[in-house]
Structure formats: C-alpha cells, structure tokens
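Working notes, beginning with the structure itself.
6 protein chains.
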Amino acid sequence: MARLIEYEDASAEVRAVYDDIKASRGVPDVNNFWKALAVHPPTLRRTWESLKQVMAPGALDPLTKELLYLAVSIAHGCEYCIASHTASARARGMNEEMYGELLAIVGMAAETNRLATALQVPVDARFRDDH
Amino acid sequence: MARLIEYEDASAEVRAVYDDIKASRGVPDVNNFWKALAVHPPTLRRTWESLKQVMAPGALDPLTKELLYLAVSIAHGCEYCIASHTASARARGMNEEMYGELLAIVGMAAETNRLATALQVPVDARFRDDH
Amino acid sequence: MARLIEYEDASAEVRAVYDDIKASRGVPDVNNFWKALAVHPPTLRRTWESLKQVMAPGALDPLTKELLYLAVSIAHGCEYCIASHTASARARGMNEEMYGELLAIVGMAAETNRLATALQVPVDARFRDDH
Amino acid sequence: MARLIEYEDASAEVRAVYDDIKASRGVPDVNNFWKALAVHPPTLRRTWESLKQVMAPGALDPLTKELLYLAVSIAHGCEYCIASHTASARARGMNEEMYGELLAIVGMAAETNRLATALQVPVDARFRDDH
Amino acid sequence: MARLIEYEDASAEVRAVYDDIKASRGVPDVNNFWKALAVHPPTLRRTWESLKQVMAPGALDPLTKELLYLAVSIAHGCEYCIASHTASARARGMNEEMYGELLAIVGMAAETNRLATALQVPVDARFRDDH
Amino acid sequence: MARLIEYEDASAEVRAVYDDIKASRGVPDVNNFWKALAVHPPTLRRTWESLKQVMAPGALDPLTKELLYLAVSIAHGCEYCIASHTASARARGMNEEMYGELLAIVGMAAETNRLATALQVPVDARFRDDH
Numbered sequence: 001m002a003r004l005i006e007y008e009d010a011s012a013e014v015r016a017v018y019d020d021i022k023a024s025r026g027v028p029d030v031n032n033f034w035k036a037l038a039v040h041p042p043t044l045r046r047t048w049e050s051l052k053q054v055m056a057p058g059a060l061d062p063l064t065k066e067l068l069y070l071a072v073s074i075a076h077g078c079e080y081c082i083a084s085h086t087a088s089a090r091a092r093g094m095n096e097e098m099y100g101e102l103l104a105i106v107g108m109a110a111e112t113n114r115l116a117t118a119l120q121v122p123v124d125a126r127f128r129d130d131h
Numbered sequence: 132m133a134r135l136i137e138y139e140d141a142s143a144e145v146r147a148v149y150d151d152i153k154a155s156r157g158v159p160d161v162n163n164f165w166k167a168l169a170v171h172p173p174t175l176r177r178t179w180e181s182l183k184q185v186m187a188p189g190a191l192d193p194l195t196k197e198l199l200y201l202a203v204s205i206a207h208g209c210e211y212c213i214a215s216h217t218a219s220a221r222a223r224g225m226n227e228e229m230y231g232e233l234l235a236i237v238g239m240a241a242e243t244n245r246l247a248t249a250l251q252v253p254v255d256a257r258f259r260d261d262h
Numbered sequence: 263m264a265r266l267i268e269y270e271d272a273s274a275e276v277r278a279v280y281d282d283i284k285a286s287r288g289v290p291d292v293n294n295f296w297k298a299l300a301v302h303p304p305t306l307r308r309t310w311e312s313l314k315q316v317m318a319p320g321a322l323d324p325l326t327k328e329l330l331y332l333a334v335s336i337a338h339g340c341e342y343c344i345a346s347h348t349a350s351a352r353a354r355g356m357n358e359e360m361y362g363e364l365l366a367i368v369g370m371a372a373e374t375n376r377l378a379t380a381l382q383v384p385v386d387a388r389f390r391d392d393h
Numbered sequence: 394m395a396r397l398i399e400y401e402d403a404s405a406e407v408r409a410v411y412d413d414i415k416a417s418r419g420v421p422d423v424n425n426f427w428k429a430l431a432v433h434p435p436t437l438r439r440t441w442e443s444l445k446q447v448m449a450p451g452a453l454d455p456l457t458k459e460l461l462y463l464a465v466s467i468a469h470g471c472e473y474c475i476a477s478h479t480a481s482a483r484a485r486g487m488n489e490e491m492y493g494e495l496l497a498i499v500g501m502a503a504e505t506n507r508l509a510t511a512l513q514v515p516v517d518a519r520f521r522d523d524h
Numbered sequence: 525m526a527r528l529i530e531y532e533d534a535s536a537e538v539r540a541v542y543d544d545i546k547a548s549r550g551v552p553d554v555n556n557f558w559k560a561l562a563v564h565p566p567t568l569r570r571t572w573e574s575l576k577q578v579m580a581p582g583a584l585d586p587l588t589k590e591l592l593y594l595a596v597s598i599a600h601g602c603e604y605c606i607a608s609h610t611a612s613a614r615a616r617g618m619n620e621e622m623y624g625e626l627l628a629i630v631g632m633a634a635e636t637n638r639l640a641t642a643l644q645v646p647v648d649a650r651f652r653d654d655h
Numbered sequence: 656m657a658r659l660i661e662y663e664d665a666s667a668e669v670r671a672v673y674d675d676i677k678a679s680r681g682v683p684d685v686n687n688f689w690k691a692l693a694v695h696p697p698t699l700r701r702t703w704e705s706l707k708q709v710m711a712p713g714a715l716d717p718l719t720k721e722l723l724y725l726a727v728s729i730a731h732g733c734e735y736c737i738a739s740h741t742a743s744a745r746a747r748g749m750n751e752e753m754y755g756e757l758l759a760i761v762g763m764a765a766e767t768n769r770l771a772t773a774l775q776v777p778v779d780a781r782f783r784d785d786h
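Chains as they are written, first to last, in this note's numbering: chain C, 1 to 131; chain U, 132 to 262; chain V, 263 to 393; chain E, 394 to 524; chain B, 525 to 655; chain R, 656 to 786.
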C-alpha cells in the first residue's frame, strides 16, 4: 500500500503542487491520490497540471466531464478512482437517477462491446466515412 | 468474421426485431452488429430490448448517454463499437470540441486509473462514506 | 505484423516443435500463431508444451475446455485467438445454439462484472468462506 | 462501498424482484449484488430478468454455464463476481480438479492472448471462413 | 478511421507541435498518431509535452523506457501502439533475443496476474510493508 | 479468498515444488501465491517451471525483467502481483527515481493507448514493415 506524504513532510516542490490543488478546489487538504503520487514529484506536478487543464470547463460541462471520468474508471476497474469520482460526480450534481442510468450504460456497453468483439462484426461502410 | 443475416434471409423472429429497430430509429436498415447477433435470436431480442430501455431519454439526455457509451467502448477497446458510437454521438450533437474533450478525459482517466492502481492508494475516509 | 517462419526456413529446434504440433493434432501444417512465435524458440517450445498439457483431456472434457478458452479470449479482446478458438470449438462440437449461449454468457458476465465493480459490492460472508 | 438495500427497507418494485430471485433460486435472502443494484430499480429488474434467461438450462448445461461465467469474471478482474461465481460453480458440481483445470485454461489463454496480440498474428485463411 | 491532418493543412498551433516533434526526434514527418490527435490541438500539445518529459533520459535508460512502453501497450491491446513502439524499441537497440524475452515476460505476467486474481491471494505481510 | 496450503500440510508433489522455489530464491518460505496455487499441483509445477525459465538471466538483465513484470501487472490491475513485484523490483535494485519513471511510463502508455484506439489511427507504412 502506498506511502502517503503529508504536507508537513513534503518538499517545497511537492508543497507547491498541494497548495495549487487546495486553492483550485477550495479544499483544506489534498486526496490520498496526490499524497501517494508525491513519491515522484515530476509525475505529481505533470499529472496535476494535465488534470486541471482537462477537467476545466469547456464544450462539455463539469458534471458531464465527471460522469465520463467515472464511467471510464469503472471500465478500467480502478477501485480508488471509482470511489473518488463517484464522490466528485455527486458533488457536481449527479443524483440517484443519473447514477443509475450511468451504471446501466456502462454495463450495457460492456455487454455489447464483448458481443461485437466476439462476432468480429465488420464496420458498416457509413461508419468508416464518418468524421 | 461474422456471418451477417440480411432481412430477406431472416426468420420471422429475427425480422420482428429488425422491424422494431428500424421503426424506433427511423432507419432503412439495421447495423451490421444486429445482423451478426441474429446468429442467436434470443440474444438478439434481449440485447435490443435492453439497449432500447437503457438509451431511452431519462435523467441523462441522449447526447450524454452516447458520450458515456463511446467512452466505455474506447476503454474496452472495441473497434466496431467505437466506430458506431462515434457516429451516433455526432448524430446526437457531439461537435469537434466536445469530441476532443471526451478523448482528453478518457486518456487522462486511463492514466490516473493506472497510477492509483499501481500505488494501491487507500480510499480516503470521506469517499468511503459517500452515498 | 508478425514475420511468419515456415517449416522450410526453420531451425532444427523450431522444426521439432512444429513436428510435435502436427503429430499431436493430426494436421498438415501449424497455425500462424506458432509460425509467429518461432521468433523466439524457447517461448515457442514452452508455450506449446504448456498448452498441450493444459488442453489434454482431464476432469473437464475437450469441448468445455475450448469453450472456456474462447470465452476468455473474447474477454481479453484478442482477435486472432477469437478466430482460432471459435474454429477449434466448432471442430470439437460447438453448435450454433451452444455458441449463442456462450455469447450471451460472456456478454452478461461483462455487464454484471462492471456493475459489481462500480458499486463496490462487499463480498457476502458465505462466499468468503467458500473453498 | 455500496449501500445495501434490505428487504424491509425496499420499495414494492424492488421487493418483487427480490421475491422472484428467492423463489427461483430457493434461497432465504438475495446476495449483496442485488441489494446494491437496488439503488436503481429498473436496472435491478432488467439485470435479473436477463440473467435468469441467460443462465436457464439450454444447449449448455448449468455447470458449464457457471464455469464460463467464472472464467470471464476472472478475465475482467471482478473480485465480487469471482467470489460469488466460484461458490455457484461449486454448488453446481465443480470439484477441485475441475477448478484447477479452469484456472490453468484461464491463465494459459491470458498468456497466448497477449502473445498473439503482441505479434499481431494474421488470421489464418481457414479461420476467416469458419462459420 | 481517423482523419489525418497533414502539415500543409494544419493550423499554426498544430504546426508548432509538429515542428517540435520533428526537431526533437530528427525525423522528416510526424507519425500518424500525431496527425490524428491534431483533431484537438490542446490534447495534441499536452500529450506531446508529457510524452517528451516522460521519455527523456533519466534513471532508466531510453531502451528500458521503450521496452516498458511496449509491454504496457501489449497488455492494453493497442495495435497501433504495439506497431509503433516495437519499431521504436528496435531503433533503440532491442534485438531479437530481447524481444523474445519481453514477449515471454508479458505472457507470463498475464498468466500469473489472472491466477492471483482468480485465487484472490492475500498479500503477504512483508509485501504490505515494502516501501 | 484463497485457501493457503502450508508446507506441513502439503503432498510430496507440492513440497518438491516449494523446495525448489526456496532453494532457487534462497528464501525460508514461499509466497502466498504458491501456497494458493497448490490447490492444483500440475498448475503449480508448470507455472513455477515456466516462471523460473522466463525470469532467468538472459539478454535482459534481472532488474529490467522485474520492471517489465511490474508494469504489466499494473496494466492488468492485479493487486497481489503489484505488491509482490514492486517488492521484487526493489530487491533487484529499483530505486525511488526508477520507480517514479516506471509509474510515469505506465500511466503515459495507458493514456496514448486509449487515444490511439479511440482515433483508430492507421498504422504507418514504415511500422508495418518493421521486423
């Protein structure tokens, strides 16, 4: 299990990232993910900078972005990520009905993904030209 | 590669499903996925009935549902599903900017999913109680 | 794409494995998988020896073994393996009805696997003691 | 971790599904999976109806069906599903020898699946025509 | 299939990234991966900047880094990535013997990964304290 | 959770494998993985013989082999394997800087693997001929 680096034990480089996370999110402390990732400061900094950019408001709204992050985390079977992004999605407005529909879609996609792969279905001509 | 069962070669049971897909979607023919799945009529019917229920409008709008379906299909590496759901998402309103952001989220989630798994990060207490 | 090593171009070490595959299976030539794996003779030999042992008749009959191999290959999304083990399963007696039921199970398992992971369902006490 | 909805706290809609599961399986209570899935009654009902249909006796016997379900659950890395389907397979007659052979096949398939993917082995002509 | 954006059709923003890739790698043109990713310039830039940082010489030498990249790409089943990183690894010094050993390790790990997951092996106390 | 078979409860066949593992590795006891795998002695023996062959010194040095094993185990999400191979890699000389770089590569590969798959990037002609 990961060694977690707390703020008081962190280098100046790591503290700078923690400070930015706390300020950007308005939270008193960073999640365990960041405390574990601090084992390698360059990866900590790069990952945070990338995540901040990717999850910033854009053509997709913040809730939709969190729903997508959660769905992918379920597909990859990452327990920590499922727990943290379920919480983030709820904080952004995901209610029980939305959560249930997301679960249904992830499960359904898993099923049809395997069926299409099993059957080695040839891609329809009109999908190949679609872009 | 899958044997595709065309309408004119299909049993009455299979035709009934094809007819419902065409009517529900307002399309002249069904996708190759259904023509391949027709190898097993009970699975064809059950899968279509489930998909129709899952993708019906609900607390999540049709575009968000398609974006989720596409994101999961990418995570599972299903080529056919990626092709067909990229097309469906575009048909429901996904523009280039949204597509780019979806790609960024799927990639970012894949990265942090693996990092959290590698580090075996313990779930924060506040996430465990979140429901 | 893999370089395929044909019998006439193979070393004595590789030929010995090809000969054993052909004799064991009663076939005139080995599949492309073995011709590609011959790039590394120790891995070719070890893989063949292991496969021969694992797929030999045992408590599970040969058809059940092939069905399991096919199901796992679908879950892992290996195109080559799906093609070759679908053929092997048919050669061992898998008919269309069995194939359809296998597809249904693989798809259903994919769906409930993701649902159970998403929900982080605690294992029932009686399952924990089951062995 | 999932919130589990017990029978006494469940809506009439959820109770009806629980009742059908208990009657169909002849068990005094449903597994945690169903209690967690009850967070979204339509998904609970649809998943149960599908599972009941897919796992009913057919061209494949109930033990073979459970072995396939278990093998796929291992390939997908679903801890809960592995625990529950290992128990179900044992209940249907899987003995230690069968279990050991199933493990060997799942492991062996994982290995050759990765090797075939790594080598990008072209599908043999005779497999492409096989259906 | 992806739309590929060639240099002459690219925006100034995309050209700047292409120029940096070509200069850093000393190549006359960028790979198709970058031409496809140019559909979303911010993801193109961020991905390239991250990759450049991650693959720069460090505590691990460039060949080891490429071998790791290839091994992970095989595990994830990404055909394009397998093709491109097999080529990159060869360019950095991977010979046939090294390639064969890498294949053997990836296959072996796939096998024992599934076995350990199937058996739900409890982590040895001395591994839990190891960091 | 797995039943662990201790040396004193093991059959002569299992003890012989345990003895070889202990002698080869110079350790007083075998890891839980082997104690769990002993449920099926033929799989125990075959897996150990294969692993011993695959991880023996060759064209790749022992540390590189362990790094590859760890990277693949992360990609497959095997908790036990991540714990045991992180420990093995440290024992073979992986320091914090190397570990951080390995994490960065695994994460980065996961990201670009998904992006290339999502975009269905056609393989560059020069990669197709590369072998």
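Backbone N, C-alpha and C fix where the C-beta goes; we use that ideal spot for every residue, glycine too.
Remember, it's a predicted structure, so these values are computed and weren't measured experimentally.
DSSP three-state assignment for residue i, whether helix, strand or coil
{"i": "His40/C", "result": "coil"}
{"i": "Asn293/V", "result": "coil"}
{"i": "Ser728/R", "result": "helix"}
{"i": "Pro193/U", "result": "helix"}
{"i": "Asp779/R", "result": "coil"}
{"i": "Arg46/C", "result": "helix"}
{"i": "Gly100/C", "result": "helix"}
{"i": "Ile136/U", "result": "coil"}
{"i": "Asp544/B", "result": "helix"}
{"i": "Ala742/R", "result": "helix"}
{"i": "Ala380/V", "result": "helix"}
{"i": "Gly681/R", "result": "coil"}
{"i": "Asn375/V", "result": "helix"}
{"i": "Cys340/V", "result": "coil"}
{"i": "Gly631/B", "result": "helix"}
{"i": "His786/R", "result": "Its pLDDT being 49, under 50, His786/R is placed unreliably by the model, and the measurement read from it follows with that caveat. Of the three classes helix, strand and coil, the one that applies to His786/R here is coil, per DSSP."}
{"i": "Ala56/C", "result": "coil"}
Proximity below 9 Å, CB of residue i to CB of residue j
{"i": "Ala773/R", "j": "Glu242/U", "result": "no"}
{"i": "Val170/U", "j": "Ala133/U", "result": "yes"}
{"i": "Ala628/B", "j": "Leu587/B", "result": "no"}
{"i": "Met625/B", "j": "Gly713/R", "result": "First, the residue type needs correcting, since residue 625/B is Glu and not Met in the sequence shown. It is a contact, given that the beta carbons lie within the stated cut-off."}
{"i": "Ile74/C", "j": "Arg376/V", "result": "yes"}
{"i": "His83/C", "j": "Val254/U", "result": "The question names His, but residue 83/C is Ala in the sequence shown. Cβ distance < 9 Å, so Ala83/C and Val254/U count as in contact."}
{"i": "Cys471/E", "j": "Ala378/V", "result": "yes"}
{"i": "Leu722/R", "j": "Leu584/B", "result": "yes"}
{"i": "Met538/E", "j": "Leu313/V", "result": "Coverage of chain E is limited to positions 394 through 524, which leaves residue 538/E absent and any answer about it impossible."}
{"i": "Val672/R", "j": "Trp703/R", "result": "yes"}
Test: residue i CB closer than 9 Å to a CB of chain C
{"i": "Pro434/E", "result": "yes"}
{"i": "Asn375/V", "result": "yes"}
Cutoff 9 Å: residue i Cβ touching any chain R Cβ
{"i": "His85/C", "result": "no"}
{"i": "Cys81/C", "result": "no"}
{"i": "Arg259/U", "result": "no"}
Any C-beta of chain U under 9 Å from that of residue i
{"i": "Glu756/R", "result": "no"}
{"i": "Glu721/R", "result": "no"}
{"i": "Gln446/E", "result": "yes"}
Rounded distance between the beta-carbons of residue j and residue i, thought under 8 Å
{"i": "Tyr95/U", "j": "Val72/C", "result": "The requested residue 95/U is not part of the displayed model; chain U covers only 132 to 262."}
{"i": "Val538/B", "j": "Pro565/B", "result": "6 Å"}
Residue-level contact to chain E via CB, residue i, 9 Å cutoff
{"i": "Val368/V", "result": "yes"}
{"i": "Ala613/B", "result": "no"}
Test: residue i CB closer than 9 Å to a CB of chain B
{"i": "Thr379/V", "result": "no"}
{"i": "Ser132/C", "result": "For chain C, the structure presents residues 1 to 131; residue 132/C sits outside this window and is missing."}
Contact with chain V by residue i, beta-carbon distance below 9 Å
{"i": "Gly601/B", "result": "yes"}
{"i": "Arg177/U", "result": "yes"}
Members of the segment 527-548 of chain B that neighbour chain E once the beta carbon cut-off is set at 7 Å: Within the segment 527-548 of chain B, no residue qualifies.
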